[in-house]
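Residue numbers (my numbering): 1 to 45.
The beta-carbon is built from N, C-alpha and C at its ideal position, and this holds for glycine as well.
A short write-up of the structure that comes next.
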Amino acid sequence: ADALLGAVCILEGRSLFVKMTGPAAAVDGQKSAFTEFCRSLRPVQ
Numbered sequence: 001a002d003a004l005l006g007a008v009c010i011l012e013g014r015s016l017f018v019k020m021t022g023p024a025a026a027v028d029g030q031k032s033a034f035t036e037f038c039r040s041l042r043p044v045q
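This is the structure:
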């Protein structure tokens, strides 16, 4: 089965939608990396 992991990141008042899809085992295995990626996002100056 497939899975989807998504996040809405608010950067300086703008919304950025991020999603990851794929086989459930792969998505589950990358959940912490996905979270860290989302936390690392910064606006471009």
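Nearest-angstrom Cα distance between residue i and residue j?
i	j	result
THR39	ALA24	The sequence given here places Arg at residue 39; Thr does not occur at that position. Those two C-alpha atoms are separated by around 22 Å.
PHE17	LYS31	16 Å
SER14	GLN45	Reading off the sequence, residue 14 comes out as Arg, not Ser. Roughly 14 Å between the two C-alpha positions.
ILE10	PRO43	10 Å
Name the two residues that bound the continuous beta strand (DSSP E) containing residue i.
i	result
ARG14	14 to 23
For the alpha helix (DSSP H) containing residue i, list its first residue and its last residue.
i	result
ALA7	It is not in any alpha helix (DSSP H) - ALA7 instead sits in the beta strand (DSSP E) that spans 2 to 11.
Between the options, which has its C-alpha nearest residue i's C-alpha?
i	options	result
ALA3	ARG42, VAL27, ALA33, LEU11	VAL27
Just verifying my parser: in three-state terms, what is the DSSP assignment at residue i?
i	result
VAL27	helix
ARG39	helix
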